[in-house]
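Engineer: For the sequence shown, my numbering puts the final residue at 224, and the numbers step up evenly by one.
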Amino acid sequence: MSELNVILLGPPGAGKGTQAERLQDDFHLLHVSTGNMLRAAVEEGTELGRRAKEYMDRGELVPDDVIIGVITDRLQEEDAQDGFLLDGFPRTRPQAEALETALKDLGRSLTATLLIDVPDDVVVRRLSGRRVCQKAGHPYHVDTNRPKHDNVCDIDGSRLIQRDDDREETVRKRLQVYNEQTAPLIDFYDERGLLKRFDGTRTPTEVHDHIRATLATLRLEDEI
Ligand code: AMP
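Below, the structure written as structure tokens:
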């Protein structure tokens with residue numbers, strides 16, 4: 001079966017993590033979330049975590065040279081060989097170019113970039129109510145996606161917390177960073193014929209159905 005190498009693109013709070021959780025089960029893809037990797041590094045107090053924390057707390061991007069190496073190494077590991085789902089990377093043009101080069105060197109290529117589009121005001125409302133589990137970052141929302149038991153993750157039983165960077169002031173900063181540095185990647189991938197757009201204001205299930213159908217078609221086309 002041909003491999004699916006997919007990028008999830010969209011503002012913070014678009015539902016990239018939620019969709020990635022579902023799609024990795026549908027298509028047996030490795031979910032690579034740079035945000036989750038960096039938060040784990042901060043938690044563990046590694047060198048990477050120490051370098052990343054100050055940027056993350058301010059809602060700014062970690063420098064390209066820090067994150068690019070992390071991802072290119074990760075994609076060469078055994079469990080990434082049958083396809084991957086990148087969530088939160090690339091976020092700048094240099095990151096997108098580095099990914100393109102790294103995949104080319106490995107004799108691999110991108111299948112598609114999935115843009116989950118959501119207006120700014122919806123992002124702010126969503127993120128200020130977001131809670132994530134401490135262990136794996138599984139996402140919940142105080143109004144729209146409550147866990148079965150208060151403050152406990154349905155999947156792994158760990159405690160739910162609000163991320164420091166989900167406070168409203170930081171959310172606005174992250175949106176500004178997205179619009180300035182990451183949104184230009186929409187044209188970057190459109191020019192390469194790789195961009196697929198999804199309406200992120202629909203329910204998670206509707207977005208998921210739409211993406212799943214698109215990926216299934218892309219895989220079929222690739223096999224023919
Ligand atoms: P996320 O959970 O994807 O919103 O990421 C949380 C924070 O981690 C971001 O606000 C950035 O500070 C940092 N981060 C995650 N991915 C990247 C990336 N590809 N490039 C730079 N910084 C990143």
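Ideal Cβ positions, reconstructed from N, Cα and C, are used throughout, including at glycine.
1. Could you tell me whether the stretch 10 to 23 touches the stretch 69 to 80, using the rule of 3 or more Cβ pairs below 8 Å?
2. Counting beta carbon pairs with one atom in the stretch 31 to 39 and one in the stretch 79 to 92, are three or more of them shorter than 8 Å?
3. Based on DSSP bridge pairs, tell me the residues matched to Ser33.
4. Quick one, which of Val171, Lys135, Leu175 has its alpha-carbon nearest Arg159's?
5. Counting pairs of beta carbons, one from the stretch 201 to 215 and one from the stretch 107 to 118, are three or more of them closer than 8 Å?
6. By a C-beta neighbour count over all protein chains shown, 10 Å radius and 16 as the cutoff for buried, is Lys240 buried or exposed?
7. Going by the beta-carbon positions, is the gap between Thr92 and Thr203 smaller than 8 Å?
8. Using the DSSP secondary-structure output, state which residues sit across from Cys153 in a beta bridge.
9. Using the C-alpha atoms, what's the distance from Glu223 back to Thr201?
10. Quick one: measure Cβ to Cβ for Ile161 and Val132, integer angstroms, because I've assumed they're closer than 8 Å.
11. Anyone know if the C-beta pair for Pro94 and Leu185 falls short of 8 Å?
12. What residues match up with Ala112 in a beta bridge as DSSP calls it?
13. Mind checking His149: buried by the 16 CB within 10 Å criterion, or exposed?
Structural biologist: The relevant details are as follows:
1. Segment contact: the stretch 10 to 23 against the stretch 69 to 80, fewer than three CB-CB distances shorter than 8 Å; contact not assigned.
2. For the pair of segments examined, the stretch 79 to 92 was found to touch the stretch 31 to 39: the number of CB pairs separated by less than 8 Å reaches three.
3. In the DSSP output, where bridge partners are listed per residue, Ser33 has Asp87.
4. The alpha carbon of Arg159 has as its nearest neighbour, out of Val171, Lys135, Leu175, the alpha carbon of Lys135.
5. The stretch 201 to 215 vs the stretch 107 to 118: in contact.
6. Residue 240 lies beyond the range of the chain shown here (1 to 224); nothing can be said about it.
7. Not a contact, by the Cβ cut-off of 8 Å.
8. Its beta-bridge partners do not exist; DSSP assigns none.
9. C-alpha separation (whole angstroms): 32 Å.
10. 7 Å between Cβ atoms; contact.
11. Going by C-beta atoms, Pro94 is not nearer than 8 Å to Leu185.
12. Listed as beta-bridge partners of Ala112 by DSSP are Val6.
13. Under this definition His149 is an exposed residue.
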